[in-house]
Amino acid sequence: MTTRMIVDREEVEAVADHVQAACRSQWEDPAFVTELIEWIRFSRREADLRRDGLAAPVMGLPNVPRWLGQMVMRFAVKPGREATRTAAQVCSSSGVMIFSVTEDRPEAWVRAGRSFQRVALRATDAGLKHAHSNMPCEVESAREGFRSAFALKGRPVLLIRLGFAAAMPSSRRRALGEVVRFEHQ
């Protein structure tokens, strides 16, 4: 598992170019849009009932009924505009951090997640905000170009942006006991 912190403005902009291309690709994929819509909680009521997913304000959306949110996501959000907006967010960040795994196996993915957790906690403690911009890690056709452009060892699995920003609303979460069952031996 390796990490790479990028703060050089030209390199951050180069990362943003990869994010923009991969983001456009995702938004042009109907299956991606359908899955994303399923995970967005468009109203506070829906978020309170489901206690999972992404709160609409985190996506820059107002709290609205699900039927209206779905319509906005399917017909008003355009791939090019969303890709440009996402790339601008990367460019406005103080830096980005890439997490890569040298072994593309679940154990390595868990190690990368643990490393991210430590970075996220330290960043929060330092007053920094972080957000995922994983598009070039998630889009298979973009991943190799991203890896090559930044001379990454192994497969990039997480890309986060870091910087100073206003706090976003938290997404609701279920209690651990509701999602994990512990078997006593």
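The numbering used here applies: residue 53 is where the sequence shown begins, and numbers increase by one. C-beta: ideal position from N, C-alpha, C; glycine also.
*Is the segment 70-77 touching the segment 93-111, taking contact as three or more C-beta pairs under 8 Å?*
Look at the beta carbons and you see the segment 70-77 not touching the segment 93-111: under three pairs across the two are nearer than 8 Å.
*Test item: CB-CB of V153 and G112 under 8 Å*: Inclusion of V153 and G112 in the CB contact set at 8 Å is not warranted, their separation being larger than that value.
*Going by C-alpha distance, which of V209, R118, I89 is nearest A164?*
V209
*Use the C-beta contact count for G179: other C-beta atoms within 10 angstroms, 16 or more gives buried, fewer gives exposed.*
exposed
*Quick one: measure Cβ to Cβ for G147 and I89, integer angstroms, because I've assumed they're closer than 8 Å.*
Rounded, the Cβ-Cβ distance is 31 Å, inconsistent with contact.
*Would you report the Cα separation of S200 and E235, rounded to the nearest angstrom?*
44 Å
_Bridge partners for M149 per DSSP, in chain order?_
The partner list for M149 (beta bridge, DSSP) reads M57, I212.
*From A107 to M53, what does the alpha carbon distance come to, in whole angstroms?*
31 Å
*asked:* By the three-class DSSP mapping on this structure, what secondary structure does L180 have?
replied: coil
*In angstroms with no decimal places, state the Cα-to-Cα distance between V232 and R226.*
10 Å
*Locate the alpha helix (DSSP H) running through A201, then write down its first and last residues.*
192-201
*Helix or strand or just coil, what does DSSP make of L204?*
coil
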